[in-house]
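Asks:
Numbering (the UniProt record's numbering), first residue to last: 1 to 563.
1. How would you call residue 115, buried or exposed, if buried means at least 16 neighbouring beta carbons within 10 angstroms?
2. Between the alpha carbons of residue 83 and residue 336, how many angstroms are there, rounded?
3. For residue 180 and residue 135, what's the separation of their Cα atoms in angstroms?
4. Are the beta-carbon atoms belonging to residue 147 and residue 164 less than 7 Å from one another?
5. How long is the line joining the alpha carbons of residue 565 and residue 258, rounded to whole angstroms?
6. Quick one, are the C-beta atoms of residue 34 and residue 43 less than 7 Å apart?
7. So, for residue 470: in the same chain, excluding its five sequence neighbours on each side, which residues have a beta-carbon less than 6 Å away from its beta-carbon?
8. Here's the rule I'm using: 16 or more other beta-carbon atoms within 10 Å means buried, otherwise exposed. How should residue 375 be labelled?
9. Can you tell me which of 256, 511, 86 puts its alpha carbon nearest to the alpha carbon of residue 55?
10. How far does the alpha helix (DSSP H) with residue 255 in it reach, from first residue to last?
11. For the stretch 456-520, which segments carrying the alpha helix (DSSP H) assignment without a break, of at least 4 residues, lie completely within its bounds, in sequence order?
12. Buried or exposed for residue 388, going by 16 or more other Cβ atoms inside 10 Å?
13. For the alpha helix (DSSP H) holding residue 124, just list the boundary residues, first then last.
14. Just how far apart, CA to CA, sit residue 79 and residue 89?
15. For residue 443, count neighbouring Cβ atoms within 10 angstroms of its own Cβ and tell me buried if that reaches 16, exposed if not.
16. Verify whether the separation of the beta carbon atoms of residue 105 and residue 120 is less than 7 Å.
17. Give the secondary structure of residue 557 by DSSP, where H, G and I count as helix, E and B as strand, and everything else as coil.
18. Quick one: residues in its chain with C-beta nearer than 6 Å to the C-beta of residue 472, no 5 flanking neighbours on either side, listed in chain order?
19. Nearest CA to the CA of residue 174: which residue from 268, 202, 138?
20. Measuring only the C-alpha atoms, how far is residue 235 from residue 73?
21. Look at the alpha carbon of residue 158 and the alpha carbon of residue 246, and state the distance between them as a whole number of angstroms.
22. Buried or exposed for residue 347, please, with buried defined as at least 16 other CB atoms from any protein chain shown within 10 angstroms of its CB.
23. Do you know whose CA, among 377, 122, 93, 544, lies nearest residue 107's CA?
24. Within 10 angstroms of the Cβ of residue 50, are there 16 or more other Cβ atoms? Answer buried if so, exposed if not.
25. In its own chain, which residues sit with a C-beta less than 7 Å from the C-beta of residue 510, not counting the 5 before and 5 after it?
26. Step through the CB atoms of chain B and report whether any lies within less than 7 Å of the CB of residue 509.
27. Using CA atoms only, rank isn't needed, just tell me which of 481, 497, 482, 515 is closest to residue 457.
28. Output the distance between the C-alpha atoms of residue 189 and residue 161, rounded to the nearest integer angstrom.
29. Mind checking residue 344: buried by the 16 CB within 10 Å criterion, or exposed?
30. Using the beta-carbon count (16 or more within 10 Å), is residue 75 buried or exposed?
31. Return yes when the Cβ of residue 306 is within less than 7 Å of the Cβ of residue 255, no when it is not.
32. To the nearest angstrom, how far is the alpha carbon of residue 360 from that of residue 477?
33. Which residues mark the beginning and the end of the alpha helix (DSSP H) in which residue 144 is found?
34. In three-state DSSP terms, what is residue 95?
35. Out of 58, 489, 68, state which residue places its alpha-carbon closest to the alpha-carbon of residue 91.
36. Taking residue 210 as part of the alpha helix (DSSP H), name the residues at either end of that continuous run.
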């Protein structure tokens, strides 16, 4: 019993708790290994995971974190807010402080990209509190800079510069010189926005000196472009030009520098040089098509070619309308994508809930079966124990009955040798009476404890209408014969000596009568009228040629004769 129960419990534990590491887990491990050295391949691997929303919370949070790191590396689209919200809930319960602050930073950026600047600021503030509390210098620097970006979007240049300064301070403490140079560049840009051009140049030169220690040429180029732009605002064209050329040598994104050079040549009336540069640029580049047409408009306007200038202006307006239309279309597509993602997420949630229901129902079914099995095994064990106990008691009674039988036989022999007037005769007779009484009690106890007698009592209890045959089966008739002959071993020989022509059915009925059922119970068991029971008993007595005293039952008379 214990082995079966242990086996079922073990099976239940394995069904409820064991989880194999999915293939996605191995992919996430691989992404984590290569994200620093090959972010493009890491991005491809991450995108190969089918339905990441269906991952368990821990794996999904890890997927979101890796996606955010890839976004930092190759500037891919940040994940939607609802994905990052789910990841944050997981890190809040299972992650460490750094993971919580990092995922909050990504969540704030996602809100900022959606245009929800207030919510983004709230998220950034929460992330900043965690980062500052745990002295995560690098992370604190990034959060401050992203808060600065929000202020810049709102035109709050002074507040933005303050945040960029805090970011630069923490980057310097973390010895992250690339980000330190970028933060200084952003401070210079804010000073330029506040018309503090000399201060802006001072900070930009500091950023340039820091960038000289970096291997990141894109950072170096962006700072050189920034210095050139400040000189362009100051109309110091001779100083601006070298910086644009240096930026072209260092950077991979050459378009901003060429656009700035064209702008400078237009302002200095070097229209031929401006046109030469414009003609070398890709005219169909959608990102710079508006700027190129606007520059052509300025050139033609300077040349007083108003028709061409007007034509370029119209193109600018068309491009502006198409840009606005494209942005609106993109917004609509983003909304549709979010809606589809939400629907997909709801379906996954519904499927997850359904799966959980099936699991719960399965577990409940298994528990119910287990409970029933335990109850059955306990009940069976109890029944076996009771049967064993009854068997011991029965054997004990039979042993006592045997001893009494031997004792009775000995006393009867002694009694036969004594004369009636002998004083020991009466004493022996009293002893025989006591032995006979005890013998009868033991026989009655054996009968009342026998399973077949209990079955017959149970059958005789209810009234079963519409029954057309005896309630006693052939098997039970055999058990009746077996039980009675074991209690009364001499019954068969006595009956045969009395009547040799007794049929098998009459013999079994004689055994049945030894149970001592009353007329009503016997009538129910045999499915006959009570009057027929009396007639049946009378015929048996007549066939056995015995006369039973009026107040003595048949079974008592037979039992007495067997003594």
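Don't be surprised by glycine CBs; every beta carbon is placed ideally from N, CA and C.
Note that the coordinates shown come from a computational prediction; the quantities given were computed from them, not determined experimentally.
Replies: The answer reads as follows:
1. Within the chain shown, the letter at position 115 stands for residue 115. Its Cβ having fewer than 16 others within 10 Å, residue 115 is exposed.
2. Taking the chain shown and counting its residues from 1, one reaches residue 83 at position 83. Taking the chain shown and counting its residues from 1, one reaches residue 336 at position 336. C-alpha separation (whole angstroms): 16 Å.
3. Counting from 1 along the chain shown, the entry for residue 180 is found at position 180. Counting from 1 along the chain shown, the entry for residue 135 is found at position 135. Using only the alpha carbons, I get a separation of about 17 Å.
4. Your numbering for residue 147 matches position 147 in the chain shown. Your numbering for residue 164 matches position 164 in the chain shown. For residue 147 and residue 164, no; Cβs fall outside 7 Å.
5. Because the chain spans 1 through 563 in this model, residue 565 falls outside it and cannot be assessed.
6. Mapped onto the chain shown, residue 34 falls at position 34. Mapped onto the chain shown, residue 43 falls at position 43. Between residue 34 and residue 43, the gap from beta carbon to beta carbon reaches 7 Å or more.
7. In the chain shown, the residue the question calls residue 470 occupies position 470. If we look at residue 470 and ignore the five residues flanking it on each side, its Cβ neighbours are 526, 527.
8. Here residue 375 corresponds to residue number 375 of the chain shown, with the count starting at 1. Looking at its Cβ environment, which holds fewer than 16 other Cβ atoms inside 10 Å, residue 375 is exposed.
9. Position 55 of the chain shown holds residue 55. That would be 86, whose Cα lies nearest to the Cα of residue 55.
10. Here residue 255 refers to the residue found at position 255 of the chain shown. Unbroken alpha helix (DSSP H) run through residue 255: 255-267.
11. Counting only runs of 4 or more, we get 474-487, 491-498, 504-513.
12. Start at 1 with the first residue of the chain shown, and residue 388 comes out as number 388. Classification of residue 388: exposed, given that the 10 Å Cβ count is below 16.
13. Along the chain shown, one-based indexing puts residue 124 at 124. Unbroken alpha helix (DSSP H) run through residue 124: 117-133.
14. Walking along the chain shown from the start, residue 79 turns up at place 79. Walking along the chain shown from the start, residue 89 turns up at place 89. Taking the Cα positions, residue 79 is about 15 Å away from residue 89.
15. Looking up residue 443 in the chain shown gives position 443. Buried, since its Cβ has 16 or more Cβ neighbours within 10 Å.
16. Position 105 of the chain shown holds residue 105. Position 120 of the chain shown holds residue 120. Contact: no.
17. The sequence position of residue 557 within the chain shown is 557, counting from 1. Helix, per DSSP.
18. Taking the first residue of the chain shown as 1, we reach residue 472 at position 472. Residues of the same chain with a CB within less than 6 Å of the CB of residue 472, apart from the 5 flanking positions on each side, are 525 in chain order.
19. Residue mapping note: residue 174 aligns to position 174 of the chain shown, counting from 1. Checked all of 268, 202, 138; the closest Cα to residue 174 is 138.
20. Position 235 of the chain shown, counting from 1, holds the residue named residue 235. Position 73 of the chain shown, counting from 1, holds the residue named residue 73. Each residue's Cα considered, the two are about 36 Å apart.
21. Counting from one through the chain shown, the residue named residue 158 turns up at place 158. Counting from one through the chain shown, the residue named residue 246 turns up at place 246. Distance between the alpha carbons of residue 158 and residue 246 is about 30 Å.
22. For the purposes of this step, residue 347 is identified with residue 347 of the chain shown, where counting begins at 1. Counting Cβ neighbours within 10 Å, residue 347 comes out exposed, since fewer than 16 surround it.
23. Mapped onto the chain shown, residue 107 falls at position 107. Of all alpha-carbon atoms in 377, 122, 93, 544, the one lying nearest the alpha-carbon of residue 107 is that of 122.
24. Position 50 of the chain shown holds residue 50. Exposed, since its Cβ has fewer than 16 Cβ neighbours within 10 Å.
25. As a first step, residue 510 must be located in the chain shown, where it is residue number 510. Only 495, 540 meet the Cβ criterion.
26. Within the model displayed, chain B is absent; a lone protein chain is all it includes.
27. Locating residue 457 in the chain shown gives position 457, counting from the first residue. Comparing alpha carbon positions, the residue from 481, 497, 482, 515 closest to residue 457 is 515.
28. Residue 189 sits at position 189 when you count from the first residue of the chain shown. Residue 161 sits at position 161 when you count from the first residue of the chain shown. Rounded to the nearest whole angstrom, the C-alpha separation of residue 189 and residue 161 is 9 Å.
29. Translated into the one-based positions of the chain shown, residue 344 becomes position 344. Within 10 angstroms of the beta-carbon of residue 344 lie fewer than 16 other beta-carbons, which makes it exposed.
30. Translated into positions along the chain shown, residue 75 becomes position 75. With fewer than 16 other Cβ atoms within 10 Å, it is exposed.
31. Translated into the one-based positions of the chain shown, residue 255 becomes position 255. Translated into the one-based positions of the chain shown, residue 306 becomes position 306. Their beta carbons are not under 7 Å apart, which means residue 255 does not touch residue 306 by this criterion.
32. Here residue 360 refers to the residue found at position 360 of the chain shown. Here residue 477 refers to the residue found at position 477 of the chain shown. If you draw a straight line from the Cα of residue 360 to the Cα of residue 477, it comes to about 51 Å.
33. As a working mapping, residue 144 is identified with position 144 in the chain shown. Unbroken alpha helix (DSSP H) run through residue 144: 137-153.
34. Here residue 95 refers to the residue found at position 95 when the chain shown is read from its first residue. When DSSP states are grouped into helix, strand and coil, residue 95 belongs to the coil group.
35. Numbered from 1 along the chain shown, position 91 holds the residue referred to as residue 91. For residue 91, the nearest C-alpha among the options comes from 58.
36. Indexing the chain shown from 1 puts residue 210 at position 210. Taken as a continuous stretch (DSSP letters only), the alpha helix (DSSP H) holding residue 210 covers 197-211.
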